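Undergrad:
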Amino acid sequence: MGESNTNEGSEVEKIDILIDEKEGTAKTTLKTKLERKEEKREKIEEKRKEKIMLKKNIFQVNELGVKEIKEKNKIKGIKKKLKKKQKFFKNPYNLIFITILIVFIIVQSNYLLADGVWNDETIYMWLGKNLSKNPSYLFSQEMIYYSSFLPIVVISVLNCCMSTFAASHFMVFFFALAGLIFVYLLGKELKNELTGIIAVVLVSFNHLYNVICTRVLIDVPLATLFTIVAYCLIKYEKIKNIKWAILLAITLFITVTSKHTGILSVAFVASYYIFAYLIESIRRSIVKKKNLIVVGLKELFKRKSFYVFLIIFVILMVTLAIFRSSINAEKISGLPGQTKISELGWPTSIFAAQFPFIFGWIVLILFLVSIVFSAIFAFVQGKKEHYLLLAWFISFFGVFSMLHLWQSPPRYMIPIIPVVGIFIGLMFSTLISMIAKIRKKKIFTVITLVVIGTLLLFPVISYLGIYKNLQLQKQNTYIGYLEGGDWLKRNVMKNKSIIIAESYRQIRAFSGFEFEENGGIIYTESIFQNKTAFEEFLNKNNDKVIYLQTDIWEYTMPKWIHPLDQKKFDYLLSVGFKPVYGVEKEIVTREGPRKAMVVIIFQKDSGNFNITEIEEENGKQGLIITNNQTLSDNRTTMVSNNQTNKTE
């Protein structure tokens, strides 16, 4: 019994010891866990405090370090830019392009501000001048009717720092430079730099392109805008993102609103998509003997960016249509006989016959070969660059020339000069690439380049010769308006006078007086219908001083008043007019250069109110001519005006 009790006691003690050990272990484990949690919490708190300290001291403690980082980044950026510039100038084609631009600028600078103003030029001068004075004029009926928004906006901006005459000419010059830049970029994008260089040479030295660059007309800006549309289109087709879709829509809208014929840029883009997707799908179906038309069209219409382009362009065009619907063309004074579409005709009967003059025979032959070349490549390979050029040429020349217009001056074809150059450039660069693959020796490529350079040299020399002759004609025709308009601006009293002008647009541009229909004092050609209408007008306005402007240039005037000879001069004297001012210039005649009175201004007094009163009131010394002076050989002997005339 005693032993058994002892054994039981020892077992109980063992159990108690085990329980104590387990409890101690559990307590130790719990303590360890709590300590670890506390340590983690302390570490987290320390990190949090460190972050707070860093945030508090980042602009104080590390300000110099941040500046150093920024400076290093700037240096890296500058180095990258320098590398890009070095890479640009290391490329020989880029250097050739810059050289061509410099030559173009030098050639243009000789004739940029030469005297001689065509009728149509003064429209844009007048609109730009008015817009610079009043920005709201942008939404006027006349602005919307003539639809040349961007060029006129450029004139108005330049007019802030120079005369309207200079601003108008620089507008065309800047567009011409931009056009050459985008011709180079487009050629580079379509194939390579050589394509761009060949195209730039053929465009920049083209005599017609150069001559119209010195005229305030929208043909050169339109050619530039067509080139930009083509560039944006090919970039969009390659990258297919929203950025280029938006740029394409905007440039297309600007082109449409820069001239009435700008609407053909829409036909250009539409033709491209027909060629690149519908015709290309048919081509692939024929080659692969499968129906791939639906697949080709799905490729186009599954793009979101394509719908972005369409939506933006449609919104812009609807806005323009709303503005145009508000105008009344009949109320716009001085409108020409606008383009009249009388019937459909064949292109060869209108513009194609002018191609030898526009391009020269060598370039024309190369162009015809290049069209066949591109058509073959488009069918065999289906490359988009060939479709783009074909769409450009067909949409402009094909559509425009098939409309039988009331007049068809060669300058209307200027927007196809860039595409002709790119056609030829693409053909030559493709041939060189093919030769380089077949004959890997560089000597064959060099020989090919020499042959191409020689071929291009002949038209360039021819272009320069024709250009010089055309510019000499410009310097000696349609001159004298600046001085005549300026004299009227300085000597005519608006409230007491009337101006009857043969060249009414030029006189409006340089005198600053508006047409009678718009509340001004200039009466247009309706007064010159016949002598009876002219005399009735004089009797009706007998209470006002009437000024009559005549010149030797305006051949559209009735024969009873133009050209001015002794008999017509005597008639004007008989109805009360006397010559008061003349502009004498040197012109080229069949007998050689000679001085002639190119612009003559007559005055008919009203009662006791005469030219002397006007001069005394304005504080000017005008030019008074007596009735005893005579006219011979389109020239009136007048006292020369020693005043220096400031032209607008």
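1706 is the number that the working numbering gives to position 462 of the sequence shown; each next residue is one higher, with no gaps. Here a beta-carbon is modelled for each residue, glycine too, at the ideal position from N, C-alpha and C. Because the structure is a prediction, the values reported are computed rather than measured.
Which residue or residues does DSSP assign as beta-bridge partners of K1822?
TA: BP columns for K1822 point to Q1847.
Undergrad: Would you check if the segment 1620–1629 and the segment 1719–1726 touch, i.e. whether three or more CB-CB distances between them fall below 8 angstroms?
TA: No contact exists between the segment 1719–1726 and the segment 1620–1629.
Undergrad: Between E1902 and K1331, what straight-line distance do the alpha-carbon atoms span, to the nearest angstrom?
TA: There is simply no residue 1902 to check, as the chain begins at 1245 and stops at 1892 in what is shown.
Undergrad: Measuring CB to CB, does K1503 end up less than 8 angstroms from I1456?
TA: No, they are not a contact pair.
Undergrad: Check whether the Cβ atoms of L1782 and V1445 sit closer than 8 angstroms, and answer yes or no.
TA: The answer is no: Cβ separation not under 8 angstroms.
Undergrad: Have a look at the DSSP bridge pairing and note the partners of M1841.
TA: E1828.
Undergrad: Determine the DSSP secondary structure at I1790, reduced to helix, strand or coil.
TA: Strand, per DSSP.
Undergrad: Between G1724, F1702, E1289 and T1343, which lies nearest to I1425 when the distance is taken from Cα to Cα?
TA: Looking at the Cα atoms, T1343 is the closest of the given residues.
Undergrad: Measure the CB-CB distance between I1844 and L1808 and report whether it falls below 8 angstroms.
TA: In this structure, L1808 lies closer than 8 angstroms to I1844 by Cβ.
Undergrad: Could you tell me whether the Cβ atoms of L1469 and T1495 are closer together than 8 angstroms?
TA: Yes, the Cβ-Cβ distance between L1469 and T1495 is below 8 angstroms.
Undergrad: Helix, strand or coil for S1741? Go by DSSP, reduced to three states.
TA: If DSSP states are grouped into helix, strand and coil, S1741 belongs with the strands.
Undergrad: From N1354 to K1484, what distance separates their C-alpha atoms?
TA: Going by the C-alpha atoms only, they are around 44 angstroms apart.
Undergrad: Tell me the rounded alpha-carbon separation between S1412 and I1399.
TA: Straight-line Cα distance between these residues: approximately 5 angstroms.
Undergrad: In whole angstroms, give me the CA-to-CA distance for M1678 and M1671.
TA: Taking the straight line from one Cα to the other gives about 11 angstroms.
Undergrad: Determine the burial state of C1476: buried for a count of at least 16 other Cβ atoms within 10 Å of its Cβ, exposed for fewer.
TA: Classification for C1476: buried.
Undergrad: Just to confirm my understanding: we take Q1352, look at its own chain, exclude 5 residues before and 5 after, and list those with CB closer than 8 angstroms. What are they?
TA: Excluding positions up to five away in sequence, the list reads F1417, A1420, N1454, C1457 and T1458.
Undergrad: Would you decide whether K1435 is buried or exposed? Buried here means 16 or more other CB atoms lie within 10 Å of its CB.
TA: Buried, because 16 or more other Cβ atoms sit within 10 Å of the Cβ of K1435.
Undergrad: Tell me the residue span of the alpha helix (DSSP H) that contains V1447.
TA: Counting along the chain, the alpha helix (DSSP H) containing V1447 begins and ends at E1437 to S1448.
Undergrad: Tell me which residue opens and which closes the alpha helix (DSSP H) that I1507 is part of.
TA: Taken as a continuous stretch (DSSP letters only), I1507 belongs to no alpha helix (DSSP H), as it is neither H nor E.
Undergrad: With DSSP run on the structure shown, which of helix, strand or coil describes I1766?
TA: In the structure shown, I1766 sits in a strand (DSSP, three-state: E or B).
Undergrad: Within 10 angstroms of its Cβ, does T1800 collect 16 or more other Cβ (buried), or is it exposed?
TA: T1800 is exposed by the Cβ-count criterion.
Undergrad: Return yes when at least one heavy atom of the ligand FAD lies under 7 angstroms from the C-beta of I1462, else no.
TA: Annotation note on the ligand FAD: not contained in the displayed structure, which lists no ligands.
Undergrad: Specify the secondary structure class of T1833 as computed by DSSP and reduced to three states.
TA: Strand at T1833.
Undergrad: If I follow the unbroken alpha helix (DSSP H) through C1404, where does it start and stop?
TA: Element bounds for C1404: n/a, residue is neither H nor E.
Undergrad: With the cut-off set at 8 angstroms, would you say G1423 and T1471 are in Cβ contact?
TA: Result yes, Cβ atoms of G1423 and T1471 sit closer than 8 angstroms.
Undergrad: Does the Cβ-Cβ distance between I1751 and E1758 come in under 8 angstroms?
TA: Their beta carbons are not under 8 angstroms apart, which means I1751 does not touch E1758 by this criterion.
Undergrad: Please classify T1795: does DSSP put it in a helix, a strand, or coil?
TA: The question names Thr, but residue 1795 in the sequence shown is Asp. Reduced to three states, the DSSP call for D1795 is strand.
Undergrad: Shortest alpha-carbon distance to S1614 belongs to which of K1628, L1402, L1634 and F1599?
TA: When each option's Cα is compared against that of S1614, the closest is L1634.
Undergrad: Could you tell me if G1697 is buried or exposed, where buried requires 16 or more neighbouring beta carbons within 10 angstroms of its beta carbon?
TA: With fewer than 16 other Cβ atoms within 10 Å, it is exposed.
Undergrad: Quick test of the definition: if touching needs 3 or more C-beta pairs under 8 angstroms, does the segment 1736–1746 touch the segment 1709–1716?
TA: Result no; under three Cβ-Cβ pairs closer than 8 angstroms.
Undergrad: Within this structure, are the beta carbons of N1450 and Y1707 separated by less than 8 angstroms?
TA: Going by C-beta atoms, N1450 is nearer than 8 angstroms to Y1707.
Undergrad: Under the DSSP definition of a beta bridge, which residues are partnered with F1426?
TA: Answer is none; F1426 lacks a bridge partner.
Undergrad: Using C-beta distances below 6 angstroms, list every residue in its chain close to F1348, excluding the 5 sequence neighbours before and after it, in chain order.
TA: S1448, listed in sequence order.
Undergrad: Could you work out which residue in I1661, K1281, F1617 and Q1793 is closest to Q1598 when comparing CA atoms only?
TA: Comparing Cα positions, the closest option is I1661.
Undergrad: Excluding the five sequence neighbours on either side, which residues of its own chain have a C-beta within less than 7 angstroms of the C-beta of K1627, listed in chain order?
TA: Closer than 7 angstroms at Cβ, skipping near neighbours: F1621.
Undergrad: Looking at G1820 and K1848, is the spacing between their C-beta atoms short of 8 angstroms?
TA: Against a cut-off of 8 angstroms, the Cβ pair of G1820 and K1848 comes out as a contact.
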